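Visitor: As you go down the protein sequences, you meet chains A and B in turn. Quick note: the first sequence uses the UniProt record's numbering, first residue 1, plus one each step. Quick note: the second sequence uses the UniProt record's numbering, first residue 1, plus one each step. For every residue, glycine included, the Cβ atom is placed at its ideal position computed from N, Cα and C. Note that the structure is predicted; figures quoted are calculated from it, not measured. Just dropping this structure here.
There are 2 protein chains.
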Amino acid sequence: MSPKELDELDYKILSELMKDARKSVREIAKAVNSSPATVHSRLQKLIKKGVIRGFIPLVDSSKVGYPVTAIIMVSAKGEMLRKLEEELRSIKNVIAIYDITGDYDLMIIAKFRDMEGLDVFVKDLLAREEVVKTLTHIAFNVVKEDLRLPL
Amino acid sequence: MSPKELDELDYKILSELMKDARKSVREIAKAVNSSPATVHSRLQKLIKKGVIRGFIPLVDSSKVGYPVTAIIMVSAKGEMLRKLEEELRSIKNVIAIYDITGDYDLMIIAKFRDMEGLDVFVKDLLAREEVVKTLTHIAFNVVKEDLRLPL
DNA sequence: CATGAAACCCCTCGGCC
DNA sequence: GGCCGAGGGGTTTCATG
């Protein structure tokens, strides 16, 4: 947690990557007024520091066989929450998990090939001892889904 | 909406990109037993079809100045919902918007530099005529946030 | 820590199957 | 539709300021 502190060049490089994460090091260098070698080494550092956790394509999930998006609120007995989270984290249908304030402890966003997949997922959750109750919302329309942030 | 239907090669290429969206066309070709030229043309088609909407870095939001994540449920009068959505979509702090079933109409996930940013956002929402009520959950821990899907 | 240069590697396109 | 080859670029390392 010590060698952090991003400088302006780091932020500029991140901004360019947010426009297009496949942009070449050379192009980025041109856009940020630096050299390819410098951009390359900054990029490696950003990855090593964990600021950048990877590069992914933004895929339209309904076009690749996952038309069902659900938001599942979970109320759980505290002691087992960490273990539940670890298990949920490794389930590939789950795209987001948040610990939240309010009537529920956990919010899960997950995508499924069909309603049956969702049904099985929720029933499996409810079958667990540490899960007290769940509340499922179906997302019948994904208006936006894009992790980019303004830097 | 007609020339869709992805074949196995398309799915393999998408899978390689999910592992690392900066992977070179040549490396992808090697991994999927095809040629760089073929992978290149498939990739262009996937982008043109809208299956791939872009390439982004997965950034740790708390490390780039956005430590506050909130989930905001919104209940709104139906006629103005589309306009509200369009406006929300262009707000860069908003990373996801879903039309949902249940007691609320909309679920928004947004990130902020501090609590004040969240406060302003929610108050602006409530000031709108079409917004009936909101319910905000703070995510005090982001357990997972990764849009990749198993293909 | 940033840079330029050089060696190596890759992208992309037109022509062909 | 897929593949090959070539030319123009791109990436990465290293020695130097």
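Can a CB atom of chain A be found closer than 8 Å to the CB of residue 129 of chain B?
Guide: Here residue 129 of chain B corresponds to residue number 129 of the second sequence, with the count starting at 1. Chain A, which has no Cβ nearer than 8 Å to the Cβ of residue 129 of chain B, makes this no.
Visitor: Is residue 100 of chain B a contact residue of the ligand SAM, with contact defined as CB to any heavy atom under 7 Å?
Guide: No copy of the ligand SAM appears in this structure; indeed no ligand is present at all.
Visitor: For residue 73 of chain A, I'd like the list of residues in its chain whose CB is within less than 6 Å of its CB, leaving aside the five on either flank, ordered along the chain.
Guide: Counted from its first residue, the first sequence places residue 73 of chain A at position 73. So the qualifying residues of the chain are 104, 107, 135.
Visitor: With DSSP collapsed to three states, give me the class of residue 36 of chain B.
Guide: If you number the second sequence from 1, residue 36 of chain B lands on position 36. Reduced to three states, the DSSP call for residue 36 of chain B is helix.
Visitor: Measuring alpha carbon to alpha carbon, tell me which of A:42, A:23, A:27 ends up nearest residue 5 of chain A.
Guide: Counting from 1 along the first sequence, the entry for residue 5 of chain A is found at position 5. Here the closest residue by C-alpha is A:42.
Visitor: Pull out every residue of the stretch 33-44 of chain A whose Cβ sits closer than 8 Å to any Cβ of chain B, in chain order.
Guide: For the stretch 33-44 of chain A, which is checked against every Cβ of chain B, not one residue is closer than 8 Å.
Visitor: Could you check how far apart the C-beta atoms of residue 93 of chain B and residue 76 of chain B are, in whole angstroms? I think they sit under 8 Å.
Guide: If you number the second sequence from 1, residue 93 of chain B lands on position 93. If you number the second sequence from 1, residue 76 of chain B lands on position 76. Contact flag wrong, Cβ pair sits at about 19 Å.
Visitor: Sorted by chain position, which residues of the same chain lie with C-beta nearer than 7 Å to residue 23 of chain A's C-beta, five sequence neighbours on each side aside?
Guide: Numbered from its first residue, the first sequence carries residue 23 of chain A at position 23. The answer, listed in chain order, is 16, 17.
Visitor: Residues of the stretch 111-142 of chain A with a CB closer than 9 Å to any CB of chain B: list them in chain order, please.
Guide: So the list reads 111, 135, 136, 137, 138, 139, 140, 141, 142, given in the order they occur along the chain.
Visitor: Strictly under 8 Å for the Cβ-Cβ distance: is residue 80 of chain B near chain A by that measure?
Guide: Here residue 80 of chain B refers to the residue found at position 80 when the second sequence is read from its first residue. Not closer than 8 Å to any Cβ of chain A, the Cβ of residue 80 of chain B fails to qualify, so no.
Visitor: Taking DSSP's pairing of strands, which residues face residue 107 of chain B in a bridge?
Guide: For the purposes of this step, residue 107 of chain B is taken as the residue at position 107 of the second sequence. Per DSSP, B:73, B:98.
Visitor: Under a CB-based cut-off of 8 Å, is residue 61 of chain B close to chain A?
Guide: Residue mapping note: residue 61 of chain B aligns to position 61 of the second sequence, counting from 1. It does: the Cβ of residue 61 of chain B has a partner Cβ on chain A nearer than 8 Å.
Visitor: Among B:59, B:64, B:125, B:112, which one has its Cα closest to the Cα of residue 83 of chain B?
Guide: Here residue 83 of chain B corresponds to residue number 83 of the second sequence, with the count starting at 1. Out of B:59, B:64, B:125, B:112, B:125 has the C-alpha closest to the C-alpha of residue 83 of chain B.
Visitor: Residues of chain A with CB closer than 7 Å to the CB of residue 21 of chain B, please, in chain order.
Guide: The residue you call residue 21 of chain B lines up with position 21 of the second sequence. Neighbours of residue 21 of chain B on chain A, chain order: 21, 22, 55, 56, 57.
Visitor: Pull up the CB-CB distance for residue 147 of chain B and residue 46 of chain A, whole angstroms please, since I reckon it's below 8 Å.
Guide: Translated into the one-based positions of the second sequence, residue 147 of chain B becomes position 147. Translated into the one-based positions of the first sequence, residue 46 of chain A becomes position 46. Not confirmed; about 20 Å, so no contact.
Visitor: From the DSSP output, which residues share a beta bridge with residue 57 of chain B?
Guide: To locate residue 57 of chain B, count along the second sequence from 1; it is residue 57. Answer is A:55.
Visitor: When the cut-off is 8 Å and only beta carbons count, does residue 148 of chain A lie next to chain B?
Guide: In the first sequence, residue 148 of chain A corresponds to position 148, counting from 1. Chain B, which has a Cβ nearer than 8 Å to the Cβ of residue 148 of chain A, makes this yes.
Visitor: Based on the DSSP secondary-structure assignment, which residues constitute the bridge partners of residue 93 of chain A?
Guide: Translated into positions along the first sequence, residue 93 of chain A becomes position 93. Note: residue 93 of chain A sits in no beta bridge, so no partner.
Visitor: Going by alpha carbons, who is nearest to residue 140 of chain A out of B:149, B:48, B:97, B:37?
Guide: Sequence index remark: in the first sequence, residue 140 of chain A carries index 140 (1-based). Among B:149, B:48, B:97, B:37, the Cα nearest to that of residue 140 of chain A is on B:97.
Visitor: According to a CB-to-CB cut-off of less than 8 Å, which residues of the stretch 81-102 of chain B neighbour chain A?
Guide: Those would be 85, 88, 89, 92, 93, 94, 95, 96, 97, 98, 99, 100, 101, 102, in chain order.
Visitor: Answer yes or no: does any C-beta atom of chain A fall closer than 8 Å to that of residue 2 of chain B?
Guide: Here residue 2 of chain B corresponds to residue number 2 of the second sequence, with the count starting at 1. With a pLDDT of 38 at residue 2 of chain B, under the threshold of 50, the modelled position of this residue cannot be trusted, and the question is left open.
Visitor: Counting along the chain, where does the alpha helix (DSSP H) carrying residue 145 of chain A start and finish?
Guide: Taking the first residue of the first sequence as position 1, residue 145 of chain A is located at position 145. That residue, residue 145 of chain A, is in no alpha helix (DSSP H); its beta strand (DSSP E) goes 131-145.
Visitor: Is the separation between the beta-carbon of residue 57 of chain A and that of residue 28 of chain B shorter than 8 Å?
Guide: In the first sequence, the residue the question calls residue 57 of chain A occupies position 57. In the second sequence, the residue the question calls residue 28 of chain B occupies position 28. Cβ distance not < 8 Å, so residue 57 of chain A and residue 28 of chain B don't count as in contact.
Visitor: Mind checking if residue 144 of chain B is an interface residue toward chain A, Cβ cutoff 8 Å exclusive?
Guide: The count along the second sequence starts at 1 and reaches residue 144 of chain B at position 144. Residue 144 of chain B counts as touching chain A.
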